[in-house]
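One structure is given below, encoded as structure tokens.
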Amino acid sequence: AATADPIAAQVGIAEVHAELLPDDKVRLARDLRPRPLMMVGDGVNDAPVLAASDVGIAMGAKGATAAGEAADAVILVDSLAKVAHAVEIGRHTVRVALTAIWIGIGLSVALMIVAMTGVIPAVVGALVQELVDLATILYALRALRGPLTPEPAFTGRIQERAMTAGRPAVRG
208 AATADPIAAQ
218 VGIAEVHAEL
228 LPDDKVRLAR
238 DLRPRPLMMV
248 GDGVNDAPVL
258 AASDVGIAMG
268 AKGATAAGEA
278 ADAVILVDSL
288 AKVAHAVEIG
298 RHTVRVALTA
308 IWIGIGLSVA
318 LMIVAMTGVI
328 PAVVGALVQE
338 LVDLATILYA
348 LRALRGPLTP
358 EPAFTGRIQE
368 RAMTAGRPAV
378 RG
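Residues 208 to 379 (the working numbering) are what the sequence shown spells out, left to right.
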């Protein structure tokens, strides 16, 4: 808990349960429903609760494969600070996606109103709608840049492992 508490505070997670026995983890996951649950684990005993969580994160490149298979994401180094960075990436992605959706809806509604008033012909409105869609998609691609907090680049070996594992990997 001494390590998990500062990381949770950094990303705004109010409730932390650390150093639990395997049975306690599964029971806690059931008790916390329907609230969103993120579980971080590194061993075979963590696989059931990683799979049952809304977001399961397996830690460490040398961690048990059962945990890695059950998790939604694998962080390749044993550093809880990387969990904080993964949460930042997720929040950034959601912000960009929601902003892109609202921009697209707003521009589309404005375009429909202009087209309904007869200011532009329907064919021109349809073409402009395609441009609105393209602009919205291009805006959403900002999520690929990630948050503005710097992270060291992958080494070739770690990048190859991340790509062949078929799981998202946080840089490390």
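We put the beta carbon where it would ideally sit given N, CA and C, even for glycine.
Contact set for residue i: own chain, Cβ-Cβ below 7 Å, skip 5 residues either direction
i	result
Pro354	Glu295, Ile296, His299
Gly263	Met246, Leu257, Ala277, Ala278, Asp279
Thr324	none
Nearest to residue i (by Cα), restricted to the options the options
i	options	result
Ile220	Arg234, Met246, Gly325	Met246
Ser315	Leu338, Thr324, Leu228	Leu338
Gly248	Pro213, Leu341, Ala277, Glu222	Ala277
Gly311	Gly325, Asp238, Leu287, Tyr346	Tyr346
Ala342	Asp212, Thr306, Val330	Thr306
Met380	Gly332, Leu228, Val301	Absent from the model: residue 380. The displayed extent of the chain is 208 to 379, so no value can be given.
Pro241	Ala259, Asp253, Arg352, Ala288	Ala259
Leu227	Asp253, Asp279, Met323, Asp285	Asp253
Ile308	Val281, Asp340, Asp285, Thr324	Asp340
Val218	Pro229, Ala293, Asp285	Ala293
Own chain, CB closer than 8 Å to residue i, minus 5 neighbours either side, in chain order
i	result
Ile327	Val321, Val335
Asp261	Pro243, Leu244, Met245
Thr371	Reliability of the predicted coordinates at Thr371 is poor, the pLDDT of 45 falling under 50, and no value is obtained from them.
Gly313	none
Ala329	Ala322
For residue j and residue i, believed in contact at Cβ under 8 Å, the rounded distance
i	j	result
Ala350	Ala317	With a Cβ gap of about 24 Å, Ala350 and Ala317 do not count as contacting.
8 Å Cβ cutoff met for residue i and residue j
i	j	result
Pro255	Val290	no
Ala225	Ala211	yes
Neighbourhood of residue i by C-beta distance below 6 Å, restricted to the same chain and skipping five residues each side
i	result
Arg433	No statement about residue 433 is possible, as the shown extent of the chain runs from 208 to 379 and does not include it.
Leu287	Thr210, Ile214
Ala360	With a pLDDT of only 44 at Ala360, under 50, the local geometry of the prediction cannot be trusted, and the value read off the model is given with reservation. Contacts found: none.
Pro229	Asn252
Mind pulling the alpha helix (DSSP H) runs of 4 or more residues that sit fully within the segment 259-309?
-> For the segment 259-309, whole alpha helix (DSSP H) runs of length 4 or above, ordered along the chain, are 272-277.
Any alpha helix (DSSP H) of 4 or more consecutive residues that is wholly inside the segment 222-251 = Those alpha helix (DSSP H) runs which fall completely within the segment 222-251 and span 4+ residues are 229-238.
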